[in-house]
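Asks:
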Amino acid sequence: MKLVILDRDGTINYDSADFVKAEDEWVAMPGALEAIARLNHAGWHVVLAINQPGLGRGLFEMAALNRIHAKMHRLLAAQGGRIDAVFFCPHAPDEGCACRKPKPGLFEQIRERYGVEAKDVPAAGDGLRDAQAAAAAGCEVHLLLTGQGAALREPLARGEPLPAGWPPGTRVHDDLAAFATFLLAREEERQAAAAAASNSPPSPAAPPAASAMPAQAA
74 MKLVILDRDG
84 TINYDSADFV
94 KAEDEWVAMP
104 GALEAIARLN
114 HAGWHVVLAI
124 NQPGLGRGLF
134 EMAALNRIHA
144 KMHRLLAAQG
154 GRIDAVFFCP
164 HAPDEGCACR
174 KPKPGLFEQI
184 RERYGVEAKD
194 VPAAGDGLRD
204 AQAAAAAGCE
214 VHLLLTGQGA
224 ALREPLARGE
234 PLPAGWPPGT
244 RVHDDLAAFA
254 TFLLAREEER
264 QAAAAAASNS
274 PPSPAAPPAA
284 SAMPAQAA
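Residue numbers for the sequence shown follow my numbering, so the first one is 74 and each next one is one higher.
1) Going by DSSP, name the residue or residues bridged to GLU213.
2) Using CA atoms only, rank isn't needed, just tell me which of TYR87, PHE160, ALA151, ARG130 is closest to VAL119.
3) For the alpha helix (DSSP H) that PHE255 lies in, which residues bound it at each end?
4) Out of LEU79, LEU179, PRO240, state which residue places its alpha-carbon closest to the alpha-carbon of TRP117.
5) Please state whether the Cβ-Cβ distance between GLY178 and LYS192 is less than 8 Å.
6) Restricting to runs no shorter than 3 residues, where is the beta strand (DSSP E) found entirely within the region 126 to 173?
7) Thinking ASP91 and GLY220 are a contact (beta carbons under 8 Å), I'd like their distance in whole angstroms, please.
8) Quick one: give me the first and last residue of the alpha helix (DSSP H) that ARG184 is part of.
9) Quick one: residues in its chain with C-beta nearer than 6 Å to the C-beta of MET48, no 5 flanking neighbours on either side, listed in chain order?
10) When DSSP labels each residue in this structure, what does ALA288 get in the three-state scheme?
11) When DSSP labels each residue in this structure, what does ARG244 get in the three-state scheme?
12) From the DSSP output, read off the bridge partner residues of ILE78.
13) Tell me which residue opens and which closes the alpha helix (DSSP H) that ASN86 is part of.
14) Using the three-state DSSP reduction, which class does ALA282 fall into: helix, strand or coil?
15) When we look at the beta-carbon of VAL194 and count the other beta-carbons within 10 Å, is it buried (16 or more) or exposed?
16) Taking Cβ positions, are ILE85 and LEU249 nearer each other than 8 Å?
Encoded structure:
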């Protein structure tokens, strides 16, 4: 099963310092929904792993979150795409739960639900918490330079490394569309390599070793 895990705010839709609390505040970023649809069409299942501390703080209710996601699913369906499931942490930061990113609880729930090996699952988001949670779960970590990640765009363009705290091996992409393009291109390369290997003629057998001749008496 080909599975990819995405963050939501700052990855698919524009983020807000005041939280996305209502469906009219949920606005998809250009190309994001189309990117998910492209992954779907190539056989990828997409799920979300998101923190929703606004629920724990009483800023909005579950009904509002359901309406937000109904809008997301509707707009995505119009592009021919689908998100299989949304795994979310409803707790405030001070509640000490095991599911709030950067802890890996949401990713572990996803792994158990779908029966996948974490090392085979790419996970993309715009923030350090996303990356740390994905790495702690053993997933392949991808940073998008949108949302919170936009602050890293100029330093990275100057050739600076990611700041301390980012997991080693984090791959960086301009946005969700670029991430999708990377996954699809890598998959195509792997398929081509596998096809070439299966079609290549077998290596010729090595000639038999020469037998040692007995020494002749002088």
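Ideal Cβ placement from N, Cα and C applies to all residues, glycine included.
Replies: This is what the structure gives:
1) Within the sequence shown, the letter at position 140 stands for residue 213. In DSSP, GLU213 forms a bridge with PRO195.
2) Working through the sequence shown from its first residue, we reach residue 119 at position 46. Minimum Cα distance to VAL119 is reached at PHE160.
3) As a working note, residue 255 is residue 182 in the sequence shown. Its alpha helix (DSSP H) spans residues 249 to 272.
4) Position 44 of the sequence shown, counted from the first residue, corresponds to residue 117. Among LEU79, LEU179, PRO240, the Cα nearest to that of TRP117 is on LEU79.
5) Your numbering for residue 178 matches position 105 in the sequence shown. Your numbering for residue 192 matches position 119 in the sequence shown. No.
6) 158 to 162
7) Along the sequence shown, one-based indexing puts residue 91 at 18. Along the sequence shown, one-based indexing puts residue 220 at 147. Rounded, the Cβ-Cβ distance is 14 Å, inconsistent with contact.
8) Indexing the sequence shown from 1 puts residue 184 at position 111. From DSSP, the alpha helix (DSSP H) with ARG184 extends over 178 to 187.
9) Here the chain comprises residues numbered 74 to 291, so residue 48 is not present and cannot be evaluated.
10) Residue mapping note: residue 288 aligns to position 215 of the sequence shown, counting from 1. Note on ALA288: pLDDT 41, under 50, position unreliable in the model; no value is reported.
11) Locating residue 244 in the sequence shown gives position 171, where the first residue counts as 1. ARG244: strand per DSSP, three-state reduction.
12) For the purposes of this step, residue 78 is taken as the residue at position 5 of the sequence shown. In the DSSP output, where bridge partners are listed per residue, ILE78 has VAL120, ALA196.
13) As a working note, residue 86 is residue 13 in the sequence shown. From DSSP, ASN86 is part of no alpha helix (DSSP H); its letter is neither H nor E.
14) Translated into positions along the sequence shown, residue 282 becomes position 209. Note that ALA282 scores 47 on pLDDT, short of 50, meaning its location in the model is unreliable; the coordinates nonetheless yield the value given after this. Three-state result, ALA282: coil.
15) The residue given as residue 194 occupies position 121 in the sequence shown. Under this definition VAL194 is a buried residue.
16) The sequence position of residue 85 within the sequence shown is 12, counting from 1. The sequence position of residue 249 within the sequence shown is 176, counting from 1. Against a cut-off of 8 Å, the Cβ pair of LEU249 and ILE85 comes out as a contact.
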